[in-house]
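Asker: I'd like to ask some things about the structure below.
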DNA sequence: ATGACGAGCGTGGCTCGA
C-alpha cells in the first residue's frame, strides 16, 4: 500500500501538478495539506473523473487538508480532538483497507508557530500536545497507524542546511523539537530516518533566494509509523523531482510503501 | 548594480506562510 503526504500549497493553483503526480505515482492514499480552499471549491470533479476518491476538510483562504485515495475510507473524521473551539482545519483521518489489512491514516498540517512570543507559537505547542494525546490513543489500538503531514518541525540539525539561521524560528525551537521527540517516544518511527542517514535530505525549499537550485532546504514533512505499520515498511521515497515542475509547491511528496495482505 | 516568492481574496494591497 503506497501512502504519501504532500503540502500542495493551494490545490486550485496546483491541480495540473496534482493530476500529473497521481497519474505517475498511483498512490493508494495521499494526504494533502494547505489546500487553501473551502470544501465546495476543491477541484473534486477533475480528480474523481480519473477514478479517485476525495475527502476534504477545508477552510477559506488558508490551511485545509484532504485525503485522496483509490478506494473510499471507513470511519472518516475531521479535526484534531481536544479543543472544540479550534476552528482551523488541520487534521483529517480515515481507515483504508487492502485485502485483509486495514491501515488508519492521519493527515495533519501542524501550525507554523511564527513569530515567537505570540499566540501563534503557544497555539503550535498546544496543538502538538493535543496531537500527542491523540497519537497515544491510536497507539493503544493494534491497527497499523500512519500519522503524516507537514509537521513544521525541523527535528535535528542535519535536517536543514544552516541550523544557525533557524535558532529563533518556531520550526527549530527547542520546545518544538522536544514536542516532536515526545511523539517519537510514544513509539512512533520517523519513516524517512528509518530508511536513510543521508545528509541534505529535505522536503521543502523556499521560493526565495534560489533555495531550490542551491539545495538550501529543510526536512519538515514527516511520516510517522506505529510499530505495526513500521514492521510493514518496505520503501520510503521523497519525490524531489516534483520541485522542478512548472509552478511547483514549495514542498514535495513523501511516500512510504507498506506490505499488506 | 539591481532586485530577486507565491497563494488567496478580490481588484489593491493586505494576510499568511517557512
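Numbering (the working numbering), first residue to last: 1041 to 1301.
C-beta: ideal position from N, C-alpha, C; glycine also.
(1) Who are the near neighbours of residue 1084 in its chain, counting only those whose CB is closer than 6 Å to its CB and skipping five residues on each side?
(2) Pick helix, strand or coil for residue 1080, following the three-state DSSP scheme.
(3) Helix, strand or coil for residue 1284 per DSSP?
(4) According to DSSP, is residue 1136 helix, strand or coil?
(5) Look at the alpha carbon of residue 1133 and the alpha carbon of residue 1042, and state the distance between them as a whole number of angstroms.
(6) Quick check on residue 1102: does DSSP put it in helix, strand or coil?
(7) What are the boundary residues of the beta strand (DSSP E) that includes residue 1251?
(8) Between which residues of its own chain and residue 1209 is the CB-CB distance below 7 Å, once the five residues before and five after are set aside?
(9) If we call anything under 8 Å between Cβ atoms a contact, is residue 1170 one with residue 1123?
(10) How should residue 1220 be labelled, buried or exposed, when 16 other C-beta atoms within 10 angstroms of its C-beta is the threshold for buried?
(11) How is the beta strand (DSSP E) around residue 1114 delimited, first residue to last?
(12) Name the two residues that bound the continuous alpha helix (DSSP H) containing residue 1061.
(13) Check whether the Cβ atoms of residue 1273 and residue 1228 lie closer than 8 Å to each other.
(14) What's the C-alpha gap between residue 1092 and residue 1086?
(15) Please determine if the stretch 1163–1183 and the stretch 1113–1129 are in contact, where contact requires at least 3 C-beta pairs separated by less than 8 Å.
(16) Can you tell me which of the three DSSP states residue 1207 falls into?
Answerer: Taking the definition as stated:
(1) Here residue 1084 is taken as the residue at index 44 of the first chain, counted from 1. The beta carbon of residue 1084 sits closer than 6 Å to those of 1094, all from its chain and outside the five residues before and after it, given in chain order.
(2) For this step, residue 1080 is matched to residue 40 along the first chain. The answer is helix: DSSP assigns residue 1080 an H, G or I state.
(3) Counted from its first residue, the first chain places residue 1284 at position 244. It is helical.
(4) For this step, residue 1136 is matched to residue 96 along the first chain. Looking at residue 1136 - three-state DSSP - the assignment turns out to be strand.
(5) Position 93 of the first chain, counted from the first residue, corresponds to residue 1133. Position 2 of the first chain, counted from the first residue, corresponds to residue 1042. Answer to the nearest angstrom: the Cα atoms are 16 Å apart.
(6) Here residue 1102 refers to the residue found at position 62 of the first chain. Looking at residue 1102 - three-state DSSP - the assignment turns out to be coil, as it is neither helix nor strand.
(7) Within the first chain, the letter at position 211 stands for residue 1251. No beta strand (DSSP E) holds residue 1251; DSSP gives it neither H nor E.
(8) The residue given as residue 1209 occupies position 169 in the first chain. Apart from sequence neighbours up to five positions away, the residues of its chain that approach residue 1209 with a beta-carbon distance below 7 Å are 1154, ordered along the chain.
(9) Numbered from its first residue, the first chain carries residue 1170 at position 130. Numbered from its first residue, the first chain carries residue 1123 at position 83. Yes.
(10) Position 180 of the first chain holds residue 1220. Buried: at least 16 other Cβ atoms inside 10 Å.
(11) Along the first chain, one-based indexing puts residue 1114 at 74. Annotation: the continuous beta strand (DSSP E) that includes residue 1114 extends over 1114–1118.
(12) Residue numbering aside, residue 1061 sits at position 21 when the first chain is read from its first letter. Run containing residue 1061: 1055–1065, per the alpha helix (DSSP H) assignment.
(13) If you number the first chain from 1, residue 1273 lands on position 233. If you number the first chain from 1, residue 1228 lands on position 188. Contact check for residue 1273 against residue 1228 fails: the beta carbons are separated by 8 Å or more.
(14) Position 52 of the first chain, counted from the start, is the residue given in the question as residue 1092. Position 46 of the first chain, counted from the start, is the residue given in the question as residue 1086. Approximately 9 Å between the Cα atoms of the pair.
(15) Touching, yes.
(16) Looking up residue 1207 in the first chain gives position 167. The answer is coil: DSSP assigns residue 1207 none of H, G, I, E or B.
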